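Working notes, beginning with the structure itself.
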DNA sequence: GTCTATAATAGGATAGAC
DNA sequence: GTCTATCCTATTATAGAC
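Residue numbers (the numbering used here), protein chains in the order written: chain W, 129 to 316; chain L, 129 to 316.
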């Protein structure tokens, strides 16, 4: 499993993730993935014998790990609610590159990818909503309000990414992130 | 242009729209489109000589027409702001079948479709945001607030469709529609 | 581990009969 | 207007040398 080659596995995953985000699952061809990772198709199959599906799964695993380390962990960890939410939106801004990157949850929820991955996509959404709601409960909001707002936050993030792509304008996303902590913490 | 055949053009467009919504542009194959419309591939090419791209364009035209008749027109027409917004969410509920149908704006904003249609997608989003903002201005909200809320409404609709798909649960969308008019008209 | 070459299949598009 | 049959390219995937 040790990888000492020219393109480290992390970088391969990073580049594949970019291809999937831009083209979706059905729109991402092995030729794309090979060219953009800098590896020949056969080399990709060496690392991911399951083909495109296992490449997408590996990318999702990588994203899940990042989310656990940079979002779910910090949200569940110590700190003031507001500070944790501020840290969260900063992490989101980085992850989605200010709204320029699509989210794989949206992109993989149609076509062939939906068949393979809908379970994981739903779980990711649920985990995030639960983690955000928990922070809002810590902040003193009633559970029901916390859950409604957490759902609304995830909805808005996904929606802002879609609208931003359609308009080719990252401002809806950055505007959203700026007011999200205040909106979430407003008195009930 | 008169069409007297077994499957009328409107029905063909309806079925193609369904295929594109479920599979995206890159994920919708000519074989799918042929099977699901009930026409042979060659018959589809007879009606849409431009191939898949012009089929998607025709579907987008059809949707634009529906939106103009059922959303943009009514929003710009006579009536109380609240009644127009209530009518709007009813139309959305019908159009997205209670959240079960994806929106082509989101689905076509990646891959090959993004290249062909990003202009139209952005225009659709802008038109809707403008129409909603105008109703809010009629309702007495300051222009800046109206625009912010209209953007937020479109963002939430798109986001609720994505989250609903990922969770395979239409409730986020129906919940959103229920509170949308109140949220939009709340005092500034 | 990586490559070139190639097999096997699916995809978009067309020809030509009816 | 619709069909069957076909073409050509792209696509997924593998073989086998290095």
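All residues carry an ideal CB built from backbone N, CA and C; glycine is no exception.
Predicted model, so just to flag it, every value in this text is computed and none were measured.
Chain-ordered listing is empty here: chain W has no CB closer than 9 Å to the CB of residue 192 of chain L, the nearest sitting near 14 Å.
An exposed status is given to residue 218 of chain L, since fewer than 16 other beta-carbon atoms sit within 10 Å of its beta-carbon. By the 16-neighbour rule on beta-carbons within 10 angstroms, residue 315 of chain W is exposed.
In terms of beta-carbon proximity, residue 265 of chain W stays away from the interface with chain L, with every pair separated by 8 Å or more. In this chain, the alpha helix (DSSP H) harbouring residue 202 of chain W covers 201 to 204. Using beta-carbon distances, residue 152 of chain W counts as an interface residue toward chain L, with a partner under 8 Å.
Inclusion of residue 289 of chain L and residue 234 of chain L in the CB contact set at 8 Å is warranted, their separation being smaller than that value. A straight line joining the alpha-carbon of residue 283 of chain W with that of residue 229 of chain W spans about 16 Å. For residue 184 of chain L, the uninterrupted alpha helix (DSSP H) run begins and ends at 180 to 195, by DSSP.
For the pair residue 259 of chain W and residue 304 of chain W, the CB atoms are not nearer than the 8 Å cut-off.
Interface annotation, residue 143 of chain L: not in contact with chain W, CB-CB separation never under 8 Å.
Relative to residue 307 of chain W, the option among W:246, W:269 and W:214 whose CA is nearest is W:214. Under the three-pair Cβ rule at 8 Å, the segment 219 to 227 of chain W does not count as touching the segment 151 to 169 of chain W.
With a cutoff of 8 Å on beta-carbon distance, residue 200 of chain L and residue 151 of chain L are scored as not near each other. At a Cβ-Cβ threshold of 8 Å, residue 269 of chain W and residue 149 of chain W do not count as neighbours. Here residue 252 of chain W is buried: its Cβ has 16 or more other Cβ atoms, across all protein chains shown, within 10 Å. Residue 237 of chain W sits away from residue 171 of chain L, with the two beta carbons spaced by 8 Å or more. Around residue 230 of chain W, the beta-carbon contacts reaching into chain L at under 7 Å are 238.
The continuous alpha helix (DSSP H) containing residue 260 of chain L extends over residues 239 to 266. Scanning its chain for C-beta atoms nearer than 7 Å, with the 5 sequence neighbours on each side dropped, one finds around residue 267 of chain L the residues 209 and 313, in chain order. For residue 243 of chain W, the closest Cβ of chain L is not nearer than 8 Å. By the CB criterion at 8 Å, residue 154 of chain L and residue 155 of chain W fall inside the cutoff.
The beta-carbon distance between residue 187 of chain W and residue 144 of chain W, rounded to whole angstroms, is 5 Å. This is short enough to meet the 8 Å contact definition.
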